[in-house]
Amino acid sequence: MDTGRISARYAKALYEFAVENNKAEAIYESMKIVSNSFATVPELNKALVNPQVSKEKKKGLLIASAGSDVCPEFEKFLDLVLEHKREAYFQTISLVYQDVYRKAKNIVVGRLETAQEVSKADKDKLKAIVEEKTNANVEFVTNVNPELIGGFLLQVGTYQLDASVSSQLRIIKDSLLRNGSANS
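Read in order, the letters of the sequence shown are residues 584 to 767 in the numbering used here.
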């Protein structure tokens, strides 16, 4: 069996179990933290696939990677994964679970990049506009990038809106260069 198929089966089973126990959102939040932990700590996956690391230590690592407050259903799922020796798939399981949850809850992830920190009120206004246009709930991943100079860059799915000052300056520069070379 391949990684994708195994991960999808475990993630879907976890989602069904979580829904039955009213813990789908709590596990979703834990899985977001877990996937971020895998992205920022490459040693985590190495420890999980290491046969010399005990099940108990692997469970401890996964709980720690999920944040300080995990629900008992999450721990029960970890026990199942470790019992069946599927810990090497946990990173992919966490990502697939997030996808399953988002599809079920009609959530799209948007990336908002700004030149400086944006107020919660401004984020909420932008979120409301995007939600109205997409007919979906939006989760923003935000990033501050001073190279934008001002404005913002928004990506939701395949849609991208570049309202940054740096982009506008680049367009003006290109236009001036084109017009300058056309006049010579």
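Just so you know, even glycine gets a beta-carbon here, dropped at the ideal spot from N, CA and C.
In the structure shown, Q699 falls within a coil segment according to DSSP collapsed to helix, strand and coil. When the five nearest sequence neighbours on each side are left out, no beta carbon in the same chain lies closer than 7 Å to the beta carbon of I712. A distance below 7 Å between beta-carbons, with the five flanking residues on each side excluded, links F673 to the following residues of its chain, in chain order: L631, L645 and V664. For N720, the enclosing beta strand (DSSP E) covers residues N720 to V727.
Non-local C-beta neighbours of E656 in its own chain, meaning closer than 7 Å and more than five positions away in sequence, comprise F600, A601, N604, K606 and I610, ordered along the chain. The alpha helix (DSSP H) runs lying completely inside the region 592 to 667 and spanning 4 residues or more are 607 to 623, 626 to 632, 638 to 648 and 655 to 666, given in chain order.
In the three-state reduction of the DSSP assignment, G763 falls in the helix class, which pools H, G and I. Of all alpha-carbon atoms in N718, V636, M614 and Q743, the one lying nearest the alpha-carbon of L695 is that of Q743. Each of K638, S648, V748 and S637 was checked against the Cα of P625, and the nearest Cα belongs to S648. Of all C-beta pairs linking the region 680 to 687 to the region 586 to 600, three or more are shorter than 8 Å, placing the two stretches in contact.
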